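Novice: Attaching a single structure in structure tokens format; questions to follow.
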Amino acid sequence: MAKRELQQLFEREDHVGLSGMAGRGLWKVLRYLIGRLYAGDEEKWRAVRALGALCSDPQLVSEETASEMMRRFLWALNDESGAVPYGIPEAMGEIMVQRSELQKTYLPILCSMLTAEEMLQTGPVERGLLWAVGRVGPPVVSVAPDAVLEIEKMAKGHADDETRRLAVWALAQMGSPPGGPG
Numbered sequence: 000m001a002k003r004e005l006q007q008l009f010e011r012e013d014h015v016g017l018s019g020m021a022g023r024g025l026w027k028v029l030r031y032l033i034g035r036l037y038a039g040d041e042e043k044w045r046a047v048r049a050l051g052a053l054c055s056d057p058q059l060v061s062e063e064t065a066s067e068m069m070r071r072f073l074w075a076l077n078d079e080s081g082a083v084p085y086g087i088p089e090a091m092g093e094i095m096v097q098r099s100e101l102q103k104t105y106l107p108i109l110c111s112m113l114t115a116e117e118m119l120q121t122g123p124v125e126r127g128l129l130w131a132v133g134r135v136g137p138p139v140v141s142v143a144p145d146a147v148l149e150i151e152k153m154a155k156g157h158a159d160d161e162t163r164r165l166a167v168w169a170l171a172q173m174g175s176p177p178g179g180p181g
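First residue of the sequence shown? That's 0 in numbering that gives the first Met the number 0, and the numbers climb one at a time after it.
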């Protein structure tokens, strides 16, 4: 499997081609895509979409493999990992949309990163968490009502304009506008 071919498929957002290549070497493709999560915004979003597309096929990415990837993502979000987890929450959100069976295990943990003091994130990672829970949408309301309340606070008064706007968007995706029940 040629890295140049993988890069070209990625740049063209050729998810069918990436899927074919992943059929010959899944973890090589997944590692490449995960590495792109740490790149600039354009590459990060391309990687998020590609990971979602690959994970949407349970014949290609088993539940066990998807869970292993999610566990690695959680480790990257842990302070002890030493990683700067840009793009990780977004990838987790997209994968949980494509593989809803993973939500029971991973959505509560992801949501807790918005509420549990020892897990709080800031800046781009906090915004990534907001995007992720917004992408998952309505299931967040029943799984983590405390996270919804925290997002409502962010929507009303976060110091960062971008974070405030993203919180409003996330609430709308969940069907829970600021100040009102979902």
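All C-beta atoms in this analysis are idealised placements derived from N, C-alpha and C, irrespective of residue type, glycine included. Owing to the predicted nature of the structure, the values given are computational and were not obtained by experimental measurement.
(1) In angstroms, rounded to a whole number, what distance separates the CA positions of Leu5 and Cys54?
(2) Pick from Cys110, Leu101, Pro123: whose alpha carbon is nearest that of Asp40?
(3) What does a CB cutoff of less than 6 Å around Ala166 pick up in its chain, not counting 5 residues either side in sequence?
(4) Residues in the same chain with beta-carbon distance under 6 Å from Val147, minus the five sequence neighbours each way, listed in chain order, please.
(5) Cα-Cα, which of Thr162, Glu10, Leu109 is closest to Ala143?
(6) Shortest alpha-carbon distance to Ser61 belongs to which of Pro88, Glu100, Arg30?
(7) So, at 8 Å on beta carbons, what are the nonlocal neighbours of Ile87 in its own chain, with the 5 sequence-adjacent residues on each side left out?
(8) What number of angstroms, rounded off, separates the C-alpha of Arg98 from the C-alpha of Glu10?
(9) Using the beta-carbon count (16 or more within 10 Å), is Arg134 buried or exposed?
(10) If the criterion is Cβ atoms closer than 9 Å, does the pair Thr104 and Met69 meet it?
(11) Pick out whichever of His157, Ala90, Asp56 has its Cα sitting closest to the Cα of Ala21.
(12) Evaluate Ala46 with the Cβ neighbour count: other Cβ atoms within 10 Å of its Cβ, from every protein chain shown; 16 or more gives buried, anything less gives exposed.
(13) Does DSSP put Arg11 in a helix, in a strand, or in coil?
(14) Quick one, are the C-beta atoms of Ala52 and Leu29 less than 9 Å apart?
Specialist: In short:
(1) If you number the sequence shown from 1, residue 5 lands on position 6. If you number the sequence shown from 1, residue 54 lands on position 55. Cα-Cα distance, rounded: 17 Å.
(2) In the sequence shown, residue 40 corresponds to position 41, counting from 1. The candidate whose alpha carbon is nearest that of Asp40 is Pro123.
(3) Sequence index remark: in the sequence shown, residue 166 carries index 167 (1-based). Non-local beta-carbon contacts of Ala166 in its own chain, meaning distances under 6 Å to residues more than five positions away in sequence, involve Leu129, Ile150, Met153, Ala154 in chain order.
(4) Taking the sequence shown and counting its residues from 1, the one referred to as residue 147 is at position 148. Leaving aside the five residues that flank Val147 on each side, the residues in its chain whose CB is nearer than 6 Å to its CB run, in chain order, Val140, Ser175.
(5) As a first step, residue 143 is located in the sequence shown; it is residue number 144 there, counting from the start. Comparing C-alpha distances from Ala143 to each of Thr162, Glu10, Leu109 shows the shortest one belongs to Leu109.
(6) One-based indexing of the sequence shown puts residue 61 at position 62. Measuring from the Cα of Ser61, the nearest candidate turns out to be Glu100.
(7) Counting from one through the sequence shown, the residue named residue 87 turns up at place 88. The beta carbon of Ile87 sits closer than 8 Å to those of Leu36, Phe72, Ala75, Leu76, Val124, Gly127, all from its chain and outside the five residues before and after it, given in chain order.
(8) Counted from its first residue, the sequence shown places residue 98 at position 99. Counted from its first residue, the sequence shown places residue 10 at position 11. Distance between the alpha carbons of Arg98 and Glu10 is about 24 Å.
(9) Against the sequence shown, residue 134 aligns to sequence position 135. Note on Arg134: 16 or more other CB atoms within 10 angstroms of its CB, so buried under the neighbour-count rule.
(10) What you label residue 104 is simply residue 105 of the sequence shown in a count that begins at 1. What you label residue 69 is simply residue 70 of the sequence shown in a count that begins at 1. Cβ atoms of Thr104 and Met69: closer than 9 Å.
(11) The residue given as residue 21 occupies position 22 in the sequence shown. Among His157, Ala90, Asp56, the Cα nearest to that of Ala21 is on Asp56.
(12) Taking the sequence shown and counting its residues from 1, one reaches residue 46 at position 47. With 16 or more neighbouring CB atoms inside 10 Å of its own CB, Ala46 falls in the buried class.
(13) Mapped onto the sequence shown, residue 11 falls at position 12. Coil.
(14) On the sequence shown, residue 52 is found 53 positions in, with the first residue counted as 1. On the sequence shown, residue 29 is found 30 positions in, with the first residue counted as 1. In this structure, Ala52 sits away from Leu29, with a CB-CB distance that is not shorter than 9 Å.
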